[in-house]
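Before any comments, here is the structure.
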Amino acid sequence: MASPVGEESWLAYLEETARSAFDLEQRVNAVEVHKRAVSAEPGSMRVWLAYCNYFWSLWDACQSPDAGWSEEDRTMGRELFSFGVALDLWQQAYEAIKYRLDDSHVLWDRWISLELELLGKTRTPEGVKRITHLYRNRLLTPHLTWADTSEAFSTFLSNNNQSVWEEEMKNVTARAQETKRLIAARESFEIKLKQALRAGDSDTHKSIFKDYLEWEMLQSRRNNDNPEIAVDLCCGLYSRALTGVFATDEDTWHEYLVFLSSSHVESDAPENLLDGIRRAVQHCPWSGRLWNRYILCAEEAKLPFSEIESIKHAATSEDQLYKDGMESMIEMYMAWCGFLKRTAMDGTATDEAVDLADVGLPAALEDVGIVGKRLYGKNYQGDPKFRLERIYIQYLTEKKSAVDVARALWNKLAGVAVHADSYDFWFRYYMWEMLIFSSTQPDNRSPTPSSGANGFRVPTLATAVLGRATARRTVDWPEKIFEVYLQHCNDYELPSSVRKATDAVHKAEKGVRKRRAREEQQKAAAYSEYYAAQQAEQTAEAPISTHNESPSGPKRKRDAGTDSDDDQDKLSKKQKSTEAASEAMQPTTGQQPPKRDREHTTVLVENLPAGVEQKKLRQYFKEYGHIKNITALVREADGKSSTALVEFSSPEEAQSALLRDKKFFGESQLSVQPGTDLTVYVANFPPTAGEDYLRNLFQDCGEILSLRLPSLKANTHRRFCYISFRNTTASAKAVKKDGTVLEGRYKLLSKYSDPAHKKQREGAVAEGRELHISGLDFAVTEDELRDVFSKFGTVTRVNLAKTLTGKNRGFAFLDFQTSGEAQNAVAEMNNVKLRSQIIQVALSKETNFKPLAKSIVRNASASPAPSSRDQEGDETMGNGDDGARSKPTAAEITARTITLLGLPDTVNDARVRALVEPLGDIVQLALHPGHGGAKIEFSDAATAGKAGLRLDGIEFEGYKLRTGTLDELRQAKPANHTASTSNKPKGLLPPPTSIRRPVLGKPGPKRGLGFTAAKKSEAKGEEAGKAASSSDTKPEVNGKVSAKSNADFKALFLAGKAEANKPTKPAENGV
1 MASPVGEESW LAYLEETARS AFDLEQRVNA VEVHKRAVSA EPGSMRVWLA
51 YCNYFWSLWD ACQSPDAGWS EEDRTMGREL FSFGVALDLW QQAYEAIKYR
101 LDDSHVLWDR WISLELELLG KTRTPEGVKR ITHLYRNRLL TPHLTWADTS
151 EAFSTFLSNN NQSVWEEEMK NVTARAQETK RLIAARESFE IKLKQALRAG
201 DSDTHKSIFK DYLEWEMLQS RRNNDNPEIA VDLCCGLYSR ALTGVFATDE
251 DTWHEYLVFL SSSHVESDAP ENLLDGIRRA VQHCPWSGRL WNRYILCAEE
301 AKLPFSEIES IKHAATSEDQ LYKDGMESMI EMYMAWCGFL KRTAMDGTAT
351 DEAVDLADVG LPAALEDVGI VGKRLYGKNY QGDPKFRLER IYIQYLTEKK
401 SAVDVARALW NKLAGVAVHA DSYDFWFRYY MWEMLIFSST QPDNRSPTPS
451 SGANGFRVPT LATAVLGRAT ARRTVDWPEK IFEVYLQHCN DYELPSSVRK
501 ATDAVHKAEK GVRKRRAREE QQKAAAYSEY YAAQQAEQTA EAPISTHNES
551 PSGPKRKRDA GTDSDDDQDK LSKKQKSTEA ASEAMQPTTG QQPPKRDREH
601 TTVLVENLPA GVEQKKLRQY FKEYGHIKNI TALVREADGK SSTALVEFSS
651 PEEAQSALLR DKKFFGESQL SVQPGTDLTV YVANFPPTAG EDYLRNLFQD
701 CGEILSLRLP SLKANTHRRF CYISFRNTTA SAKAVKKDGT VLEGRYKLLS
751 KYSDPAHKKQ REGAVAEGRE LHISGLDFAV TEDELRDVFS KFGTVTRVNL
801 AKTLTGKNRG FAFLDFQTSG EAQNAVAEMN NVKLRSQIIQ VALSKETNFK
851 PLAKSIVRNA SASPAPSSRD QEGDETMGNG DDGARSKPTA AEITARTITL
901 LGLPDTVNDA RVRALVEPLG DIVQLALHPG HGGAKIEFSD AATAGKAGLR
951 LDGIEFEGYK LRTGTLDELR QAKPANHTAS TSNKPKGLLP PPTSIRRPVL
1001 GKPGPKRGLG FTAAKKSEAK GEEAGKAASS SDTKPEVNGK VSAKSNADFK
1051 ALFLAGKAEA NKPTKPAENG V
């Protein structure tokens, strides 16, 4: 059964309950729900009005055959929903809310209209007397519409009892003078409240309301003529506050309870206070001081132990108490431990009460310690005020006489820095030892040792406590410790001890003086730094610096060799044509469509049913607008509810969806709040970072509802994500990580997502300072370009594209210091002859269409020698020229190239490279996000074969990868984004497998794929050797090197493995 909290929640639940009641049994249950509602919110006018209206509608339906009830239901209904009960209910409702000055007239007007309606049908003298009596009482009760009520009463008397009209009105007016005075005194506050509401200024409204409450409480103490009416008016105002803007305000509830407790009326009795405290903890279950007062009041009301224990269990059953730290939990346990201690120490305490204290007190300490370590880990040192420990020490000392056990607890606390650095702790410890000393008779044997001469008793242990405190260099108030120590020694100790104490204090004081001087210097430096920072912020905003040194970074990179083969040339041509088409389709400036504003079109929906589906969720909100996306739908850890982020098409639709807040989805009462400031834009994290890395990076901020990485289909250089948190506290912590340096290189960008504050692009291209120069003579150098263009302005960078052999490729990029200089250079140098060529000069155009990411790792020859590394794995010095090596043929490149399929389009080339690099040396890697795959060229065919076997079927961040052909890559699609993340492996990447490669110069036969065995005695071994050696000899077919399939590589791998496992010739594992 649902348990709503608050006026709005109950009203929504009552509406749903009444709407779904179709038979007599359901209607009776609905009446019971209304009773629960007015019991939970006894001061709510709207809840009482809903109850009275519903009950009256049931009475009315019983009287009419047209209501659709069966005859049997009508007969039983007339007994259950009788006329007398209905009128009594209206009377009860009015008595509960009549001192609500601003809105009690709403219920009164409805009630009196029904009474007048009945009088019009009956016209009895008793009816006239009843209504006259109701009007008299109403006019003696303060309410803002007093004048309207008086006018209505006058009209009533004129129509129904003209003979007494004049006398009755004079009498009522005279008696109501005090009532009118009370109304006039409060009218100014009421006017201000209405003005703030009309202006929509919630902060001002709350401020005025608080002032009003303070003033009303002051009046309740000053009004000695009629204290009851003053208290009633104050309670009525609190009813308005606690069913309205302060329904979940802990301070207001606490003030209300203090007011009830201190007012000298019937409500200050403990049993009468319990109802108010119960409602307070329901509205503010995170408040430790409210739970503390609840337990204390239950103890004062002498409730049985089982009921008080149930209150403690209710407080700890959920995680509300420590959502903001440990303070609330400790406050609750203070009341619980105090109750156990007082019960056990009472003169009439039973053995059972003592046993409960023996078990309950240390159990409370243990519970607090467990929660503290769970929240703060090793940093948790306990309650700095050691409040629960003090209760336990008192119990051990006074009830159990277990002085040694209590002293052991003191010593345990003294070993914790948070206590040992506190003057308050040492002073309490000292006073306890003195109490034990003074309570011990000289003639009795005592666990407290003392020493002295000529019968002079010395509190040795108390002195030792102060000595330990004096020796502590980090105590917060050492001067006071020194003072107490010297005074104590002068009062109780022998001369030798006084001398030693004086020496110890003198030495400690020197250290304290140095410490204070150091603290003053640090304080002065901190102030200086703070004011300098404030001044810097006022003068200028510091730019955000980022470090992008990755092939997948957002900045354009044009390193030599980025377009080294024919495939890339073809792709570049295709890319240029695509760019031209996309530019033609771009709207002109000022006509661009509005940016997607998730911040203001998303709502956070909490407390959904646990098994809710997206289809049902869309149907529930469809009347408020078009749902663009359900960003997150997360089932809570307790399995009882779900939370969703729902994105609408416009901010107006999202605003209208907020009307479902506090409404019910079946039995679940929803919380629908704006999704503003929940989403954080994160960028400039390491290129190899995936979803797991990012979740771990922000896990200390709070719960993450969704993490969205961008698709790389159109731009492989995109490196950012959007992270949506559960609450603004978590997102605020995430934003504080802005500027954090990751891996020593990358300065993290973490800002609130806001398209309106998108940072303008920076750099030479975006600022119009970069030139693209094409048609260059192949003999032109960078220095020559710099000299030619420097006459137009300051040249800051020249990047002449070159091939792998060092020759220029006929184009270059050149940056000027200002855009004006660049434009002058274009105007003067475009279509001008330079050396033997006519060059074309234009401003570089910014483009975000980069569907391919290609990484050139190193050059590879046609037949790479495995022996190019020595036994230690280092490169050896070769005799030949690298440039003399023959260029690999297309067939050779195909043989050592594999394609990796099944990747999502959110994975960049850096992450793929980190996945495959441990499997062997890579020549180049080309990522195709649009096809969900990558083409990887290894240094040799053997390495490619082994890597293909290892990668086929591997799990990568929740996606199952496979290897295939180039044709399969061209036809493939990226992996589905909705793949479940619950089965993702922990960590960023799978652990690299150690690969041992044969090296030059090591004695013994070389084993494994790519090497022939020393001897082959069996046919199977010979076949394996031939197959293995084929990777070196490269047999030709029709003049061309034959390419091997995946099946050939698998056979080679298995053959090599079988040979390596032969017992007669142990060999190194080549894999």
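Each residue of the sequence shown is one higher than the one before, counting from 1 in UniProt numbering. Idealized CB from N, CA, C, for every residue including glycine.
If you look at proline 674, you'll find it isn't in any alpha helix (DSSP H); it sits in the beta strand (DSSP E) that goes 671 to 674.
Here arginine 289 is buried: its Cβ has 16 or more other Cβ atoms, across all protein chains shown, within 10 Å. If you check the CB distance, asparagine 808 and phenylalanine 789 do not come in under 8 Å.
When secondary structure is reduced to three states using DSSP, leucine 776 falls in the coil class, being assigned neither helix nor strand. Contact annotation: valine 780 and arginine 835 have beta-carbon atoms nearer than 8 Å.
Taken through DSSP and simplified to helix, strand or coil, glycine 933 comes out as strand. About 4 Å separates the beta carbons of serine 819 and glycine 768, which is inside the 8 Å limit, making them a contact pair.
DSSP places histidine 205 within a helical segment (H, G or I) once states are collapsed to three.
Annotation: alanine 301 is outside any alpha helix (DSSP H) and is labelled neither H nor E by DSSP.
Every alpha helix (DSSP H) of 4 residues or more that sits fully in the region 765 to 850 is shown, in chain order, as 782 to 789, 819 to 829. The shortest C-alpha to C-alpha distance from lysine 400 to any of Arg457, Thr348, Asp355 is the one to Asp355. For phenylalanine 720, the three-state secondary structure derived from DSSP is strand.
Annotation for phenylalanine 648: no alpha helix (DSSP H) segment contains it, though the beta strand (DSSP E) segment containing it runs 641 to 648. Secondary-structure assignment with DSSP links serine 706 through a beta bridge to Ser724.
Below 8 Å, enough C-beta pairs join the region 702 to 715 and the region 902 to 910 to call them touching: three or more. In the DSSP assignment, glutamate 606 falls within the beta strand (DSSP E) that extends over 602 to 609. When secondary structure is reduced to three states using DSSP, valine 505 falls in the helix class. Within the DSSP bridge table, the entry for tyrosine 752 names Val680 as partners.
Listed in chain order, the non-local C-beta contacts of glutamine 673 below 6 Å within the same chain comprise Leu604, local neighbours out to five positions each way being set aside.
Nearest in C-alpha terms to glutamine 971, of all of Leu900, Gly945, Phe816, is Leu900. As a beta-bridge residue in DSSP terms, threonine 899 pairs with Lys935, Gly964. By the criterion of a C-beta distance shorter than 7 Å, asparagine 607 is surrounded in its chain by Ser641, Ser668, Gln669, Leu670, Ser671, once the five residues flanking it on both sides are discounted.
Between leucine 633 and alanine 644, the CB-CB gap stays under 8 Å.
DSSP, read as helix, strand or coil, puts valine 741 in strand. Contact annotation: alanine 406 and isoleucine 393 have beta-carbon atoms nearer than 8 Å. Judged by DSSP in its simplified three-state form, lysine 628 adopts strand.
Spatial neighbours of phenylalanine 189 in its own chain (CB-CB distance under 6 Å, excluding positions within 5 residues in sequence) are listed in chain order as Tyr212. Annotated as proximal: lysine 960 and glycine 953, with beta-carbon spacing under 8 Å. With respect to the 8 Å criterion, arginine 293 and isoleucine 277 are classified as neighbours on the basis of their beta carbons.
In this chain, threonine 248 is not harboured by any alpha helix (DSSP H), its DSSP state being neither H nor E.
Excluding sequence positions up to five before and after methionine 329, its CB lies within less than 7 Å of the CB of Gly288, Leu321, Tyr322, Val368, Val371, all in the same chain and listed in chain order. In the DSSP assignment, tryptophan 56 falls within the alpha helix (DSSP H) that extends over 45 to 63. Setting aside the 5 residues that flank it on each side, proline 4 is surrounded in the same chain by Trp10, Tyr13, Gln669, each with a C-beta closer than 6 Å to its C-beta; the list follows chain order.
Cβ neighbours of proline 362 within its own chain (closer than 8 Å, five residues either side excluded): Tyr392. For phenylalanine 482, the enclosing alpha helix (DSSP H) covers residues 478 to 492. Here tyrosine 746 is bridged, per DSSP, to Leu742.
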